[in-house]
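Chains as they are written, first to last, in this note's numbering: chain A, 3 to 290; chain B, 27 to 287.
Here's the structure we're looking at; comments come further down.
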């Protein structure tokens, strides 16, 4: 059964230096509070996995927590570049970052393979592209029935998957809805699963086919209201598009980024305090 | 309302016109999403918009800023998981049109969205593939929309992220790719279509006010013109009205303008 823990305890117990870590959420339900806690606890040498690194991994990469990134689209959605990701790839700052680059379809299939305990994913993909030239794990397999040559890629099997969801009950059964992304597959592919939720409820009252992760596949569950902001939680709050835009200026320069991280993440106790400090920063920015 | 229009509006309107009513369209974020929604709000009310984050039949009243905005889910006929959208709906052969943007394009409509320069030490690290490699190979047809310059229409791609007609001729079919590939490329200056034999892109429509010299100066290879090359029809007042209202609603709803990435 899932243990209800504080986020600090959940990360301390489940995310270790050197782990492979998937923190999923396709634009929606991105586990930002958990990402901040990993930075606060100064984890290092992480092999990060995520289809769209987004701001959450821009922050982890810029903070020096990652040695490797497996991904399929690394931009700031609706805005442009992820500057910390680019600085790591282009200039090795703050440290070299190994990258394993795949396509969305491949990553989605690879999580499915991981959840199904298969060693590799099969898809009709990559033909004619340059991917196999830069990623030697993108290979091919011949169908034993038809002779068709298909792409074969390794399953994704993270040490730990971290996701955010709307609700969990006292047993740690987790309910999520809206854009589901690959969270269910990422959770079932991992050795350990940490879930943050908007709220702890007595009963989920979910319809029979709802996306529910039973508490017994979850290692730790934590109540972290607004834990996905500046991404959004369907039914709770909207995406903070203004912050996504503001991140472009915060992250473009190394010193500005460092100062922002120290003030908002490293010097705050938890996500609730982060939200207070952020609100103050935004108010003073408006007043200037 | 002014019927003067910008090159960007000309591009979006011409791209929207090419999405036929009733088509099932897998939509990329940014310019393709703007054009697809303009089509849906004008001549193609029954176009089915599919986004890689899982919404099928999305009918957003404002443009999404990210590929997974909540208004896509709320207005969709159904929302499926990301594995399902790629496995059952795209790879399953249910997509009529893949609608893509591109950072760079070559004469055979191959797309680079990965790097400028060497992969191991790039001059510019671009976002990467997203869903495009499998959209460009599995959709029955592909439309590509991008702004035209010598930096975007290039002689040689540093990286082939998503395939068009590979090295031209029958090379796409010979590689076993299922979809027909890019049937049209829409820019802010013109419309290009592949030659039936060589598969090299040729200009088939030039936007009003643009001349052949401008096109040559904004293309990284020696651009070819179709024998029956025509002038693109100007944006109609109704098209401009719907597009501008859509953009105004988007700005009001999000607090920021859409369409960057």
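Ideal Cβ placement from N, Cα and C applies to all residues, glycine included.
Note that this is a predicted model, so its numbers are computed, not measured.
For residue 187 of chain A, the number of other beta carbons within 10 angstroms of its own is at least 16, and it is reported as buried. Chain A has a Cβ within less than 8 Å of the Cβ of residue 159 of chain B. Rounded to whole angstroms, the gap between the alpha carbons of residue 206 of chain B and residue 129 of chain A is 14 Å. Rounded to the nearest whole angstrom, the C-alpha separation of residue 93 of chain B and residue 106 of chain A is 12 Å. The beta-carbon of residue 283 of chain A is placed no less than 8 Å from the nearest beta-carbon of chain B. Taking the C-beta atoms as reference points, residue 39 of chain A is found no nearer than 8 Å to residue 165 of chain A. For the set B/227, B/220, B/39 and B/75, the Cα lying nearest the Cα of residue 55 of chain B is the one of B/75. In the three-state DSSP reduction, residue 79 of chain B falls in the coil class, being neither helix nor strand.
If only complete runs of 3 or more residues are kept, the segment 174-233 of chain B shows the beta strand (DSSP E) at 208-212, 216-220 and 227-232, in order along the chain.
Apart from the 5 residues on each side of it in sequence, residue 29 of chain B sits with its Cβ closer than 7 Å to the Cβ of 263 and 266 in its chain, given in chain order. DSSP places residue 38 of chain A within a helical segment (H, G or I) once states are collapsed to three.
The alpha-carbon separation between residue 143 of chain A and residue 193 of chain B amounts to approximately 24 Å. Where residue 263 of chain A is concerned, the enclosing alpha helix (DSSP H) starts and stops at 256-263.
Within chain B, the residues placing a beta-carbon under 8 Å from that of residue 73 of chain A are 154, ordered along the chain. Residue 95 of chain B and residue 77 of chain A have their C-alpha atoms spaced approximately 15 Å apart. The closest CA to that of residue 217 of chain B, considering only B/229, B/111 and B/277, is found on B/229. Chain-order list of chain B residues neighbouring residue 125 of chain A: 117, by C-beta distance under 7 Å. Counting only residues of its own chain and dropping the five nearest sequence neighbours on each side, residue 68 of chain A has a CB closer than 7 Å to the CB of 48, 50, 62 and 99. Of all residues in the segment 240-271 of chain A, only 240, 241, 243, 244, 246 and 247 place a beta-carbon less than 8 Å from a beta-carbon of chain B. Unbroken alpha helix (DSSP H) runs of no fewer than 4 residues, entirely contained in the segment 104-172 of chain B, are found at 158-164, following chain order.
Residue pairing for residue 255 of chain B: DSSP places it in no beta bridge. The continuous stretches of beta strand (DSSP E) do not include residue 185 of chain A, which lies in the alpha helix (DSSP H) extending over residues 185-191. Three or more Cβ pairs closer than 8 Å define a contact, and the segment 114-124 of chain A meets that threshold against the segment 147-165 of chain A. Here DSSP, grouped into helix, strand and coil, assigns residue 88 of chain B to coil.
Residue burial is scored here from C-beta neighbours: residue 241 of chain A has at least 16 other C-beta atoms within 10 angstroms and is therefore classed as buried.
Counting the other CB atoms within 10 Å of its CB gives residue 194 of chain A a total of 16 or more, which places it among the buried residues.
Under a criterion of Cβ atoms nearer than 7 Å, the residues of chain B adjacent to residue 132 of chain A are, in order, 185 and 186. Going by beta carbons, residue 152 of chain A and residue 126 of chain A fall inside the 8 Å limit. Along the segment 150-182 of chain A, the positions whose C-beta sits under 9 Å from a C-beta of chain B are 150, 151, 179, 180, 181 and 182, read in chain order. Scanning chain B for C-beta atoms nearer than 7 Å to the C-beta of residue 28 of chain A yields 79, 94 and 108, reported in chain order. Between the beta-carbon of residue 4 of chain A and that of residue 174 of chain A there is about 3 Å, and that keeps the pair under the 8 Å contact cut. With contacts defined by Cβ atoms closer than 8 Å, residue 87 of chain A and residue 233 of chain A do not form a contacting pair. Bounds of any beta strand (DSSP E) do not take in residue 85 of chain A; it lies within the alpha helix (DSSP H) bounded by 85-93. Here residue 278 of chain A carries a helix assignment [DSSP, helix/strand/coil].
When 8 Å is used as the limit between beta carbons, residue 261 of chain B is near no residue of chain A, the shortest such separation being about 25 Å. Residue 248 of chain A carries a helical assignment under DSSP once its states are collapsed to helix, strand and coil.
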